[in-house]
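In what follows, a structure is listed as structure tokens, so that the remarks can point back to it.
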Amino acid sequence: MRIAVEGCCHGELDKIYAALAHLEKVENVKVDLLICCGDFQAVRDARDLECMSIPDKYKTLGTFHRYFSGERRAPVPTLFIGGNHEASNYLWELYYGGFVAPDVYYLGHSGVVRFGNLRVGGLSGIFKGNDYRRGHYERPPYKRGGEVKSAYHVRQFDVDKLRSVREPIDVFLSHDWPRGISRYGDQADLIRKKRFLADELRENSLGSPPAEELLHALKPRYWFSAHLHVKFAAMVRHGDGSATRFLALDKCLPRRDFMQIVDVPDRDPTGGFRLDREWLSIL
Numbered sequence: 001m002r003i004a005v006e007g008c009c010h011g012e013l014d015k016i017y018a019a020l021a022h023l024e025k026v027e028n029v030k031v032d033l034l035i036c037c038g039d040f041q042a043v044r045d046a047r048d049l050e051c052m053s054i055p056d057k058y059k060t061l062g063t064f065h066r067y068f069s070g071e072r073r074a075p076v077p078t079l080f081i082g083g084n085h086e087a088s089n090y091l092w093e094l095y096y097g098g099f100v101a102p103d104v105y106y107l108g109h110s111g112v113v114r115f116g117n118l119r120v121g122g123l124s125g126i127f128k129g130n131d132y133r134r135g136h137y138e139r140p141p142y143k144r145g146g147e148v149k150s151a152y153h154v155r156q157f158d159v160d161k162l163r164s165v166r167e168p169i170d171v172f173l174s175h176d177w178p179r180g181i182s183r184y185g186d187q188a189d190l191i192r193k194k195r196f197l198a199d200e201l202r203e204n205s206l207g208s209p210p211a212e213e214l215l216h217a218l219k220p221r222y223w224f225s226a227h228l229h230v231k232f233a234a235m236v237r238h239g240d241g242s243a244t245r246f247l248a249l250d251k252c253l254p255r256r257d258f259m260q261i262v263d264v265p266d267r268d269p270t271g272g273f274r275l276d277r278e279w280l281s282i283l
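All residue numbers for the sequence shown refer to my numbering, where the first residue is 1 and numbers rise by one.
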């Protein structure tokens, strides 16, 4: 199975699908599934913009609404998680995941889904310690102090469900990186590209502690992230002899590394999106 992995979407679905078509033509391949690693911005109308944490000057409809309305249709099945710039009201309607448009599937606040016989897990949002042990108390339109931001903060309740997964995961998705992942790749090169991260990297405070726990508990074959707007690869070798290939990608902009095709051996896309039995039993 061939997967196209994309970093931060920022509502640029038209550009992402165009870039994918170009990549397929240049490399003479056919992609079975597109995965977007957050900041998808499933904005249907102007009201959704009011529920998104983003400076006013960046509040634009983007192109998702064309796929929601049926004006356009996704040329390839698309799977995404939430980040920290989302129409949180719409994603809350699909807390457990579901289709936001034909062939465009949201994995939920946390979730596991199958595409063919590929098993994909994921965690939406970003980690903030102050909200981690709270419930989901926010309500649209998120006008009370700080709710527009806390709405996308990861909660322990959602992580605990993922900790209960026992069957193997092929691919795992998170928006922010697992804490400590830089130690398994070229950290010096990362600092050269993103100097402002140097102190956090040296202190091992960059990234999500819950995602770090899930990385070592679930041991997926692949882990894809975004958020920091930089390409970074790493290999995490686990004590049982297995390994996780980590890849973070940039946002959708010209001359940026925001998309990469990954071949996943022994996996077949036949059957498309399907619910996962173990995940349903956990819920």
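For every residue, glycine included, the Cβ atom is placed at its ideal position computed from N, Cα and C.
Keep in mind the model is a prediction, meaning the values are calculated, not measured.
Query: Cβ distance (whole Å) where Q156 is taken to contact Y132 below 8 Å; Result: 5 Å
Query: DSSP beta-bridge partners of V100; Result: According to DSSP, V100 bridges with nothing at all.
Query: Endpoints, the alpha helix (DSSP H) within which F157 is located; Result: Q156 to R163
Query: Test item: CB-CB of C234 and F224 under 8 Å; Result: A small fix is needed here, since residue 234 is Ala in this sequence, not Cys. Their beta carbons are not under 8 Å apart, which means A234 does not touch F224 by this criterion.
Query: From N89, C8, A4 and D199, residue whose alpha carbon lies closest to that of D32; Result: A4
Query: The segment 246-262 touching the segment 57-76, judged by at least three CB pairs closer than 8 Å; Result: no
Query: Limits of the unbroken alpha helix (DSSP H) element including E6; Result: It is not in any alpha helix (DSSP H) - E6 instead sits in the beta strand (DSSP E) that spans R2 to E6.
Query: Boundaries of the alpha helix (DSSP H) in which S110 is found, first to last residue; Result: Run containing S110: none in the alpha helix (DSSP H); it sits in the beta strand (DSSP E), S110 to F115.
Query: Cβ pair G83, A211 closer than 8 Å; Result: no
Query: Buried or exposed (CB count within 10 angstroms, at least 16 for buried), S208; Result: buried
Query: Bounding residues of the beta strand (DSSP E) (the contiguous stretch that carries S124); Result: Note, S124: premise wrong, no beta strand (DSSP E); not H, not E.
Query: Between the CA atoms of P220 and T244 - distance to the nearest angstrom; Result: 6 Å
Query: Cβ pair Y106, G97 closer than 8 Å; Result: yes
Query: Secondary structure of S242, DSSP reduced to three states; Result: coil
Query: Helix, strand or coil at R66 according to DSSP, with G and I counted as helix; Result: helix
Query: Backbone secondary structure at A233 - three-state DSSP; Result: strand
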